[in-house]
Structures are given as structure tokens and as C-alpha cells.
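For the sequence shown, counting from 1, position 70 maps to 294 in my numbering; every step adds exactly one. All residues carry an ideal CB built from backbone N, CA and C; glycine is no exception. Model, not experiment: these values are computed from the prediction. Contents: one structure, followed by commentary.
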Amino acid sequence: MATICVCPGSYDPVTNGHVDVIVRAAALFDEVVVAILHNPAKSGAFSVGQRIELIEAALGPLPGVRVEAFAGRLLVDVCRDLGAGAIVKGLRGGTDFAYELPMALMNRHLTGVETVFLPGNPAYEHVSSSLIKEVHTFGGDVSGLVPAVVLAALHDAMPHPQP
Ligand code: PNS
């Protein structure tokens, strides 16, 4: 039977850290569903359609990997519908673990689905979608931290402020 995992997130926008985790998940599972879900604590800068396009463009053709959005759904229900046995998340450090652990335990409590944590690439330890947007908005250079398509989208959506 095919092993299926879900890589969930807001992906607003996708970063090189996300791409690293998705590619590594694809080496461990037969199928990977990159799932864009709603995080009630965050407001989106990019539309869900844009996020899907950016992830697909960043990944390129990657066998067994697809990108989908699941508006208004619980992650565990998405996993059940997809037949996914695991959720895969990257951990940049202890702060991520503290944030992720309650969600992993809640998800297991709800349906028994397990969460697999992959250690993040240290090269991207300081990279989050929120920081990328903030640094870019105030004129900082985030090239090398996000895929080239995301860099272009940031320039289109959030031009640097004029001095
Ligand atoms: O990239 P993020 O914002 O850290 O991802 C968090 C996300 C979207 C995976 C989380 O908020 C989520 O699972 N949202 C879907 C609704 C849900 O299942 N909430 C209960 C989580 S225990």
C-alpha cells in the first residue's frame, strides 16, 4: 500500500526551508500532499491561488508530490480523506518544537494520525514566511532564502518603500 503524508502549512509564501522539507518528505513517502490550510493566528498576504502557483513553480515536477488547498478544514480530516498516515513538519529549533508539539498531540488525540518531525536545514534556521515578508517590505534582500519565483512575487506584491 502506498505511503501518503501531508506537509501542511500556511505557505504565505513558500520559503527555501519549506522546499527542503517537502523534497525530503518525498524521499520518505510514496505520495506527498502539500496542504495549504488556514491558520487562524495569521492573515494572508498572498491569495491561496497564488500560494499554490508559487509552491508548484518552486518545486517543479516532483514525482508523487501535489499541492492542494483545504479551506476551512481540520488537518486531521484532510489526512483521513486523503488516506495519509502521517503529517510531516520541519523543525528549525526548540521554539518550533514548542509550537508544534501541542498541535501534534492534538492531531493524534483527534484521529491517531502521527506527526513526523524533520530537522530543518540549518542554512534556513532563521527563515520564516513572516520574517521574509517583513524584511522584504522594509527593503531588505531575501534572495537565497526563497525560490526565485517567490522573490519576483514579493517584488510585485510588496514593492520596497521609497525613501
Ligand atoms: O505554517 P503554519 O501557519 O505554522 O501552519 C499551521 C497549520 C495551517 C498547519 C495549522 O494552523 C492547521 O493545521 N490549520 C488547520 C486547522 C486545524 O486543523 N487546526 C487544529 C490544529 S491542532
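Item: Contact test: N240 Cβ vs ligand 1 heavy atom, cutoff 7 Å; Value: no
Item: Beta-carbon proximity of L369 to N263, cut-off 8 Å; Value: no
Item: Residue interval of the beta strand (DSSP E) (run including F321); Value: Here F321 belongs to no beta strand (DSSP E); instead the alpha helix (DSSP H) covers G318 to T335.
Item: Exposed unless 16 or more other CB atoms sit within 10 angstroms - verdict on Y323; Value: exposed
Item: Three-state secondary structure (DSSP) of K357; Value: helix
Item: Classification of F294 by the beta-carbon crowding that lies within 10 angstroms, buried from 16 upward; Value: buried
Item: heavy atom of ligand 1 below 7 Å from H262 C-beta; Value: yes
Item: Buried versus exposed, by CB contacts within 10 Å (16 or more), T319; Value: exposed
Item: Sub-8 Å separation of G288 and A259 beta-carbons; Value: no
Item: Identified DSSP bridge partners for E338; Value: A310
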